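Before any comments, here is the structure.
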Amino acid sequence: MKYAVLVYETADDFAAREDQRAKDYWDGHGAYAAALQTAGVFSGGAGLKPPHAATTVRVRGGAKQVLDGPFADIKEQLGGFYLIDVENLDAALAWAEKCPGAATGSIEVRPLIEMNQ
Amino acid sequence: MSAAALAERVARESYGRLLALLAARTRDVAAAEDALADAFAAALTAWPRVGAPDKPEAWLFAAAKRKLIDAARRAQTAAVGEAEIIRGVEELEADMGALNIPDRRLGLMFACTHPAIEASVRTPLILQTVLGFSAERIAAAFLLEPASMGQRLVRAKKKIRDAGLSFDVPDPEQWPARINAVLDAIYAAFTAGWSDPLGADPERRGLAEEAIWLGRVLVSQTPQESEALGLLALMLHLEARRPARRSSDGGFVPLDDQDVDAWLRPLIEEAEIVLRRASALNNPGRYQLEAAIQSAHASRAWRGETDWDAIVLLYRALSELTGSPVARLNAAAAIARRDGPAAGLEAAEAAGAQHAVLREYQPYWALMADLCAKLGRRQAAQAAYEEAIAREPDEAVKKFLAQRRDTL
Chain G
1 MKYAVLVYET
11 ADDFAAREDQ
21 RAKDYWDGHG
31 AYAAALQTAG
41 VFSGGAGLKP
51 PHAATTVRVR
61 GGAKQVLDGP
71 FADIKEQLGG
81 FYLIDVENLD
91 AALAWAEKCP
101 GAATGSIEVR
111 PLIEMNQ
Chain Y
1 MSAAALAERV
11 ARESYGRLLA
21 LLAARTRDVA
31 AAEDALADAF
41 AAALTAWPRV
51 GAPDKPEAWL
61 FAAAKRKLID
71 AARRAQTAAV
81 GEAEIIRGVE
91 ELEADMGALN
101 IPDRRLGLMF
111 ACTHPAIEAS
121 VRTPLILQTV
131 LGFSAERIAA
141 AFLLEPASMG
151 QRLVRAKKKI
161 RDAGLSFDVP
171 DPEQWPARIN
181 AVLDAIYAAF
191 TAGWSDPLGA
201 DPERRGLAEE
211 AIWLGRVLVS
221 QTPQESEALG
231 LLALMLHLEA
241 RRPARRSSDG
251 GFVPLDDQDV
261 DAWLRPLIEE
271 AEIVLRRASA
281 LNNPGRYQLE
291 AAIQSAHASR
301 AWRGETDWDA
311 IVLLYRALSE
321 LTGSPVARLN
331 AAAAIARRDG
341 PAAGLEAAEA
351 AGAQHAVLRE
361 YQPYWALMAD
371 LCAKLGRRQA
381 AQAAYEEAIA
391 REPDEAVKKF
401 LAQRRDTL
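Those protein sequence lines, which keep their order, are chains G and Y. Counting in my numbering, the first sequence runs from 1 upward without gaps. Counting in my numbering, the second sequence runs from 1 upward without gaps.
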């Protein structure tokens, strides 16, 4: 089954991308992506720029509303995601546990909708 | 046996096994339940006309499998595609082999205990999927609204289907976190059967034996889990008393008055062996304590008297471990036997004062009535018997309490 491993990061996690911890931060994700590829479960993903770069659009009553910032102002924000293809939820959760950010932020695991063959 | 009776028996004995098998590959428990219900309905129509098949389980499985595939074809938007379901049932057929239907119930039980499933619905989910309990019956046992219980079960089944939960028995390191819900479900099934000692209610008949069987399967797969052993020992001790729990005319016989010669010695002996295995693992828990209490009662068969001191201590330990008001009440009952009715009454009143829920509990009033009677407080005893009778669903126990009241 295919799962999205959604990496929710704290403000401090986002800061770690750019301060003296930046090398550790990026090396951590690089190593994680490499491990997914080596295991043959990697099927995509992307890192996202921090929430200050987000803009949210809604159409209400036919009118476009543009709001600055992410859609919800919460402590942990989506920082990126990996797409993995594994046997079951337990395997997906085992990969989520190894994801950088699990120790400081939260990793949400969601199955992808699979189109009928 | 008539075709309808056969269908009823197979439904009772095979429900969980067939459901576990059908759901294991597709992960769609609700679809498997629907398919199985249709298959049983088809059996009730077909078997009386053409005769019951040689292998009723295999017949039901084949019928349910067809229904499952039909349903997948109809549901265009199914999360699990038709091809996947057909592949799943083909693998199932390979598993079925010539004769033996593999038992996947333990895997299904563990799927129901996955941390991805809301904790409070894990035990009800096992009762429904593995033992075929209706949402109404589960709701009654858990003191919840049937509609609310039904919704929670539906949500949990959707989660199992959509999140891709595994139906394999997990690795041993995960058992401690997950086994409690399995143990609680098996024990809930056992007590449902136990509360109907004569097998008068077709819905509850055979449940105690079924629970013991599941307990044995669990122990064989998780031999190092002391609480699984404790639960099996507890159930065996209680089951051993079945022949002594009702008199020849169906009357209720309390534990103290039971004829120890009617107890089933082989079950008691097995319970003792299983409990010793549990103790050797040095990891005590609720079920081991409860089994030890029953073991102390069972020793009356050899020693001629009950070790009330041990029972008081065990109930106190159980009460401390679980915070259970019932354990506290039972400790009070044991104190009455050890130290006399005045001490017992004091302990029971203290328990009732601290746990208001006990005042809605039949055994609380039965104990109060008995102790008041022994202390010569006739009016208080009479009032307490009335309270107890009003809260007892079982006719035999009601009659027993009324007799006690009338002999005051």
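Using N, Cα and C, we set each Cβ at its ideal position, and we do this for glycine too. Quick caveat: nothing in here was measured; it's all calculated off a predicted structure.
Legend entry - alpha helix (DSSP H) segment containing Y/GLN288, residue limits: Counting along the chain, the alpha helix (DSSP H) containing Y/GLN288 begins and ends at 286-298.
Inset, instruction - Note down, in chain order, every chain Y residue with its Cβ under 8 Å from the Cβ of G/LEU124. - result: Given a span of 1 to 117 for chain G in the structure shown, any question on residue 124 of chain G remains unanswerable.
Inset, instruction - Work out the CA separation of Y/GLU210 and Y/ALA233 for me, nearest whole Å. - result: The straight-line gap from Cα to Cα measures roughly 15 Å.
Legend entry - Enclosing alpha helix (DSSP H) for G/PHE81 [first to last residue]: Unbroken run through G/PHE81 is the beta strand (DSSP E), 77-85; no alpha helix (DSSP H).
Inset, instruction - My understanding is that Y/VAL10 touches Y/PRO48, with C-beta atoms under 8 Å, so please give their C-beta distance in whole angstroms. - result: Not a contact, Cβ separation roughly 14 Å.
Legend entry - Contacting residues, own chain, Cβ-Cβ under 6 Å from G/PHE71 (five flanking each side not counted): If we look at G/PHE71 and ignore the five residues flanking it on each side, its Cβ neighbours are THR56.
Legend entry - Beta-carbon separation (whole angstroms), G/VAL7 vs G/ILE74, contact threshold 8 Å: About 14 Å separates the beta carbon of G/VAL7 from that of G/ILE74, a gap too long to meet the 8 Å contact definition.
Inset, instruction - Using alpha carbons as the reference points, say which of Y/ALA7, Y/PHE167 and Y/PRO243 lies closest to Y/MET109. - result: For Y/MET109, the nearest C-alpha among the options comes from Y/PHE167.
Inset, instruction - Just tell me which of Y/ARG391, Y/PHE190, Y/GLU225 and Y/ALA116 has its CA closest to the CA of Y/PHE156. - result: The amino acid at residue 156 of chain Y is misidentified as Phe; the sequence shows Ala. The candidate whose alpha carbon is nearest that of Y/ALA156 is Y/ALA116.
Inset, instruction - Name, please, each residue of chain Y whose Cβ falls closer than 8 Å to the Cβ of G/PRO111. - result: Within 8 Å Cβ-Cβ: ASP162, ALA163 and GLY164.
Inset, instruction - Note down the Cα distance separating Y/MET368 from Y/ALA347, rounded to an integer number of angstroms. - result: Between the alpha carbons of Y/MET368 and Y/ALA347 lies a distance of about 10 Å.
Legend entry - Y/GLY199 and Y/PHE400 closer than 8 Å at C-beta: At the C-beta level, Y/GLY199 and Y/PHE400 stay beyond 8 Å of one another.
Legend entry - Continuous beta strand (DSSP E) stretch holding G/LEU67: start and end: Counting along the chain, G/LEU67 sits inside the beta strand (DSSP E) bounded by residues 63-68.
Inset, instruction - Please state whether DSSP places Y/LEU99 in a helix, a strand or coil. - result: Low confidence applies to Y/LEU99: its pLDDT is 49, below 50, so where it sits in the model is not reliable enough to give any reading.
Inset, instruction - Assign Y/GLY16 to one of two classes, buried (16 or more other C-beta atoms within 10 Å of its C-beta) or exposed (fewer than that). - result: The residue in question, Y/GLY16, is buried, as its Cβ has 16 or more Cβ neighbours within 10 Å.
Inset, instruction - Please classify Y/LEU255: is it buried, with 16 or more other beta-carbons within 10 angstroms of its beta-carbon, or exposed? - result: Exposed is the label assigned to Y/LEU255, since fewer than 16 other Cβ atoms lie within 10 Å of its Cβ.
Inset, instruction - Could you please give me the residues that DSSP links to G/PRO111 through a beta bridge? - result: For G/PRO111, which the question treats as bridged, DSSP gives the partners G/TYR3.
Legend entry - Which of helix, strand or coil DSSP assigns to Y/VAL182: Note: Y/VAL182 maps to helix in three-state DSSP.
Inset, instruction - For G/GLU18, name the three-state secondary structure that DSSP assigns. - result: If DSSP states are grouped into helix, strand and coil, G/GLU18 belongs with coil.
Inset, instruction - Return helix, strand or coil for Y/ARG204, following the three-state DSSP convention. - result: Three-state DSSP puts Y/ARG204 in coil, outside helix and strand.
Inset, instruction - Under the assumption that Y/ALA240 contacts Y/ILE273 (Cβ atoms under 8 Å), give the Cβ distance between them as a whole number of angstroms. - result: Between Y/ALA240 and Y/ILE273 a beta carbon distance of about 13 Å is seen, past the 8 Å cut, so the two are scored as non-contacting.
Inset, instruction - For Y/ASN282, count neighbouring C-beta atoms within 10 Å of its own C-beta (all shown protein chains included) and say buried if the count is 16 or more, exposed if not. - result: Around the CB of Y/ASN282, fewer than 16 other CB atoms lie within 10 Å, so the residue is classed as exposed.
Inset, instruction - Report the residue ranges of all beta strand (DSSP E) runs contained in full by the stretch 322-356 of chain Y; include only those spanning at least 3 residues, in chain order. - result: Whole beta strand (DSSP E) segments, 3+ residues: zero.
Legend entry - Within 8 Å, strictly: CB atoms of Y/ALA291 and Y/HIS237: Y/HIS237 is positioned such that its CB atom lies closer than 8 Å to that of Y/ALA291.
Legend entry - Where Y/VAL50 sits in the DSSP three-state scheme: In this structure, Y/VAL50 counts as helix in the three-state DSSP scheme.
Legend entry - Simplified DSSP assignment, three categories, for Y/ARG12: Three-state DSSP puts Y/ARG12 in a helix.
Legend entry - Per-residue DSSP class, three states only, for Y/PHE252: If DSSP states are grouped into helix, strand and coil, Y/PHE252 belongs with the strands.
Inset, instruction - For Y/TRP302, count neighbouring Cβ atoms within 10 angstroms of its own Cβ and tell me buried if that reaches 16, exposed if not. - result: Exposed, because fewer than 16 other Cβ atoms sit within 10 Å of the Cβ of Y/TRP302.
Legend entry - Sub-8 Å separation of Y/ASP409 and Y/THR123 beta-carbons: Any answer about residue 409 of chain Y is impossible in this case: the structure gives chain Y only from 1 up to 408.
Inset, instruction - Could you tell me whether the Cβ atoms of G/VAL5 and G/ALA94 are closer together than 8 Å? - result: Cβ distance not < 8 Å, so G/VAL5 and G/ALA94 don't count as in contact.
Inset, instruction - Specify the secondary structure class of G/PHE71 as computed by DSSP and reduced to three states. - result: Coil at G/PHE71, not helix or strand.
Inset, instruction - On the DSSP bridge assignment, give the partners of G/ARG58 in chain order. - result: Paired residues: G/GLN65.
Legend entry - Nearest-angstrom Cα separation, counted from Y/LEU18 out to Y/ALA98: Confidence at Y/ALA98 is low in this model, with a pLDDT of 43, below 50, so its placement is unreliable and the value that follows should be read with caution. CA-CA distance, Y/ALA98 to Y/LEU18, rounds to 16 Å.
Inset, instruction - Determine, using beta carbons only, whether Y/TYR187 and Y/LEU144 come nearer to each other than 8 Å. - result: When the beta-carbon positions are compared, Y/TYR187 and Y/LEU144 stay at least 8 Å from each other.
Legend entry - Reduced DSSP category for G/GLY30 - H, G, I as helix; E, B as strand; rest coil: The three-state reading of DSSP puts G/GLY30 in helix, counting H, G and I together.
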